[in-house]
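There are 2 protein chains.
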Amino acid sequence: MANETVKIPQATAKRLPLYYRFLKNLHSSGKQRVSSAELSEAVKVDSATIRRDFSYFGALGKKGYGYNVNYLLSFFRKTLDQDELTKVALIGVGNLGTAFLHYNFLKNNNTKIEVAFDVDEGKVGKTIGEVPIFHMDDMDKQIVAADIQVAILTVPAPVAQPITDRLVQANVKGILNFTPARLNVPAAIRVHHIDLAVELQSLVYFLKHYPTETEE
Amino acid sequence: MANETVKIPQATAKRLPLYYRFLKNLHSSGKQRVSSAELSEAVKVDSATIRRDFSYFGALGKKGYGYNVNYLLSFFRKTLDQDELTKVALIGVGNLGTAFLHYNFLKNNNTKIEVAFDVDEGKVGKTIGEVPIFHMDDMDKQIVAADIQVAILTVPAPVAQPITDRLVQANVKGILNFTPARLNVPAAIRVHHIDLAVELQSLVYFLKHYPTETEE
DNA sequence: TAAACTTTGTACTATTTTTCACAAAATCAC
DNA sequence: GTGATTTTGTGAAAAATAGTACAAAGTTTA
Chain A
1 MANETVKIPQ ATAKRLPLYY RFLKNLHSSG KQRVSSAELS EAVKVDSATI
51 RRDFSYFGAL GKKGYGYNVN YLLSFFRKTL DQDELTKVAL IGVGNLGTAF
101 LHYNFLKNNN TKIEVAFDVD EGKVGKTIGE VPIFHMDDMD KQIVAADIQV
151 AILTVPAPVA QPITDRLVQA NVKGILNFTP ARLNVPAAIR VHHIDLAVEL
201 QSLVYFLKHY PTETEE
Chain B
1 MANETVKIPQ ATAKRLPLYY RFLKNLHSSG KQRVSSAELS EAVKVDSATI
51 RRDFSYFGAL GKKGYGYNVN YLLSFFRKTL DQDELTKVAL IGVGNLGTAF
101 LHYNFLKNNN TKIEVAFDVD EGKVGKTIGE VPIFHMDDMD KQIVAADIQV
151 AILTVPAPVA QPITDRLVQA NVKGILNFTP ARLNVPAAIR VHHIDLAVEL
201 QSLVYFLKHY PTETEE
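From first to last, the protein sequence lines stand for chains A and B. Take 1 as the starting number for the first sequence in UniProt numbering and just add one per residue. Take 1 as the starting number for the second sequence in UniProt numbering and just add one per residue.
Written as structure tokens, this is what we have:
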């Protein structure tokens, strides 16, 4: 499962999907080769950092030439397990949840939202972006049955923890948490936290206190 | 404007809004005092890190006692400029944009979405969450007139850069970018980038390659 | 073929962030 | 009031991340 030889630094691992997307862009625009300097310009990451990131996977480039787009792309496809589908459930079909359902993650991606859940009877039974919406009461059963590995949590904050407990029970391994709640989960479960209000506030803080500073 | 004595580390600055929110919770639940250990449990940040973060602002706590919730709260309110309102514009009233408009940022916060823009004539003229929606053609004029400082960018990727150029022209100082595009802006403009697809992909990568590892 | 040029991969250095661990100061219990 | 307990604030160490600079190895040009 963990099939790389060396442990990749977390900071690097977070940039991989970004690299992958830009490589896809380059590929579809017909580009054959690319240098770390060009890539740097596009993704706004220092070119040395990019070369270092790539080097964790071995020597992927050629001196004086750069990187072969096709080679790099197929390498990353393997590395990011683009061939292996990860099944996702969306919990909470509010505005944010609906945005996710329309945002078709399946395209060229290794994740697919298979099912969505909500308490609103007006939504249950409908389909958004080809994803069927079920009632929250059926969540646990359905998630186990469909062998869902990841949940996107877009529910009101007060119910975030109890629902999380149910997700853990249902064998979910990762949670993308959009609620402001900080979730309590066993160590084996991975939670990524995206807090929209905090993002906006911290942007404002930086604006006021770091007048002209380097980027995030 | 930059009114703290010392430069606060960026990592610390990003945690401040989080601390602030949990302090508000504690306050409204009637708690008088709190230790770094308790806070650590709640926000999932190491207690030593919390103490260090606080210490950048001076000695806010009392040994053997902890921190006074009221004192800390009013201190952070000042520090985070909760009294000073930052005006925000929302560009692109799709699903994600609509989610923002319903998410009433005004409550207890220092930011307010004043106006929204879209190209869809069906949306122009309407109001969502008390925020009026104007046509994109009027954006530049309106943003200058309303003295908007921050823009939330929830538009399709292909138009992200041209719209950004207009925002820069209109004197916007910060952009919260939800499009996959990496924006080119002058050094003085701050861009925070939240890439939903990348977040999901990197969660999946961590799940597959770091079986039981520490949190993000 | 040879000289000029390009670009990687990485040793080394710098910076940032986190954590340990403990003295000092205060609280708490009785 | 006194001793046990709690908890901060921070020096120092460790860990993580980023950036500089350059030899090496290739490409390109002519």
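No residue lacks a Cβ here, since even glycine has one placed at the ideal position from N, Cα and C. Just so it is clear, the structure is predicted and the values come from calculations on it, not from any experiment.
Just to make sure I have the definition right: I need the residues of chain A whose C-beta is within less than 8 Å of the C-beta of residue i. Which are they?
| i | result |
| --- | --- |
| Ile143 (chain B) | In chain order: nothing, as chain A lies at least about 16 Å away. |
| Thr111 (chain B) | Leu200, Gln201, Val204 |
| Val150 (chain B) | Leu200, Leu203, Val204, Leu207 |
In chain B, which residues lie less than 7 Å from residue i when you measure between Cβ atoms?
| i | result |
| --- | --- |
| Glu199 (chain A) | Leu176, His192, Ile194 |
| Leu26 (chain A) | Here the premise fails: no neighbours, minimum Cβ distance about 14 Å. |
| Lys173 (chain A) | Leu207 |
Under 7 Å Cβ to Cβ from residue i, same chain only, skipping five residues before and after it: list those, please.
| i | result |
| --- | --- |
| Pro180 (chain A) | Ala157, Asp195, Ala197 |
| Gly94 (chain B) | Thr154 |
| Pro17 (chain A) | Leu80 |
| Glu199 (chain A) | none |
| Glu84 (chain A) | Asn110 |
| Val191 (chain A) | Ile175, Asn177, Leu183, Val185 |
| Leu96 (chain A) | Thr154, Phe178 |
Thinking residue i and residue j are a contact (beta carbons under 8 Å), I'd like their distance in whole angstroms, please.
| i | j | result |
| --- | --- | --- |
| Ile163 (chain B) | Leu153 (chain B) | 7 Å |
| Ala151 (chain A) | Ile175 (chain A) | 5 Å |
| Val88 (chain B) | Ile113 (chain B) | 5 Å |
What separation, rounded to the nearest whole angstrom, lies between the Cα atoms of residue i and residue j?
| i | j | result |
| --- | --- | --- |
| Arg46 (chain A) | Leu183 (chain B) | Per the sequence shown, the amino acid found at residue 46 (chain A) is Asp instead of Arg. Asp46 (chain A) and Leu183 (chain B): Cα-Cα distance of roughly 15 Å. |
| Ala187 (chain B) | Arg166 (chain B) | 16 Å |
| Phe75 (chain A) | Glu121 (chain A) | 45 Å |
| Asn171 (chain B) | Gln149 (chain B) | 7 Å |
| Lys14 (chain B) | Tyr205 (chain A) | 8 Å |
| Ile50 (chain B) | Ser36 (chain B) | 6 Å |
| Asp147 (chain A) | Phe57 (chain B) | 48 Å |
| Leu80 (chain A) | Lys208 (chain A) | 38 Å |
| Leu39 (chain A) | Asp118 (chain A) | 41 Å |
| Gln32 (chain B) | Arg52 (chain A) | 49 Å |
| Lys44 (chain B) | His193 (chain A) | 11 Å |
| Thr12 (chain A) | Ser202 (chain B) | 10 Å |
| Phe22 (chain B) | Tyr67 (chain B) | 13 Å |
| Ser28 (chain A) | Tyr20 (chain A) | 12 Å |
| Leu101 (chain A) | Val185 (chain A) | 26 Å |
| Gln10 (chain B) | Tyr210 (chain A) | 9 Å |
| Gly92 (chain A) | Gly61 (chain B) | 40 Å |
| Lys24 (chain B) | Ser55 (chain B) | 20 Å |
| Met139 (chain B) | Thr98 (chain A) | 26 Å |
| Asn70 (chain B) | Asn177 (chain A) | 29 Å |
| Arg77 (chain A) | Leu26 (chain A) | 14 Å |
| Lys173 (chain A) | Gly64 (chain A) | 43 Å |
| Lys7 (chain B) | Val34 (chain B) | 26 Å |
| Gln169 (chain B) | Ala42 (chain A) | 22 Å |
| residue 240 (chain A) | Asn109 (chain A) | Absent from the structure is residue 240 (chain A), since the part of chain A shown begins at 1 and ends at 216. |
| Gln82 (chain B) | Glu130 (chain A) | 42 Å |
| Leu90 (chain B) | Val115 (chain B) | 6 Å |
| Pro132 (chain B) | Gly30 (chain A) | 43 Å |
| Lys141 (chain B) | Tyr103 (chain B) | 26 Å |
| Asp137 (chain B) | Ile189 (chain B) | 22 Å |
| Lys126 (chain B) | Ala59 (chain A) | 55 Å |
What in chain A is Cβ-close to residue i, meaning under 7 Å?
| i | result |
| --- | --- |
| Asn95 (chain B) | Asn95, Thr98, Ala99, His102 |
| Thr86 (chain B) | Val204 |
| Arg21 (chain B) | Pro180 |
Mind listing the chain B neighbours of residue i? Cutoff is C-beta to C-beta under 8 Å, in chain order.
| i | result |
| --- | --- |
| Ala42 (chain A) | Arg182 |
| Leu90 (chain A) | Neighbours of Leu90 (chain A) on chain B: none; closest Cβ ~11 Å, over 8 Å. |
| Leu153 (chain A) | The contacting residues do not exist; Leu153 (chain A) stays about 12 Å from chain B at best. |
In chain B, what lies closer than 9 Å to residue i by C-beta?
| i | result |
| --- | --- |
| Ala13 (chain A) | Ser202, Tyr205, Phe206, His209, Tyr210 |
| Pro17 (chain A) | Asp195, Ala197, Val198, Glu199, Leu200, Gln201, Ser202, Val204, Tyr205 |
Within its chain, find whatever has a CB closer than 6 Å to the CB of residue i; leave out the 5 residues flanking it on each side and keep chain order.
| i | result |
| --- | --- |
| Thr214 (chain B) | Note that Thr214 (chain B) scores a pLDDT of 37, beneath 50, so its modelled location is shaky and nothing firm can be said. |
| Ala160 (chain A) | Thr179, Ala181 |
| His135 (chain B) | Val124 |
| Thr5 (chain A) | Residue confidence is low: Thr5 (chain A) scores 48 on pLDDT, short of 50, so the model does not pin down where it sits. Its coordinate-derived value is still stated next. Once the five neighbours on either side are set aside, Thr5 (chain A) has no close Cβ partner at all. |
| Glu216 (chain A) | Its pLDDT being 33, under 50, Glu216 (chain A) is placed unreliably in this model, and the coordinates cannot settle the point. |
Starting from the beta carbon of residue i, find every residue of chain A whose beta carbon is closer than 9 Å, and list them in chain order.
| i | result |
| --- | --- |
| Leu60 (chain B) | Residues of chain A passing the Cβ test: none, with the nearest at roughly 17 Å. |
| Lys31 (chain B) | What Lys31 (chain B) touches in chain A: nothing, since even the nearest Cβ is about 17 Å away. |
| Asp81 (chain B) | Val204, Tyr205, Lys208, His209 |
Which same chain residues end up closer than 8 Å to residue i when comparing Cβ atoms and leaving out the 5 residues on each side of it in sequence?
| i | result |
| --- | --- |
| Ala48 (chain B) | Ser36 |
Those runs of the beta strand (DSSP E) which lie wholly inside the region 32-113 of chain B and span at least 3 residues: 86-91
Length-filtered (4 minimum) alpha helix (DSSP H) runs lying within the region 133-181 of chain A: 139-146, 160-169
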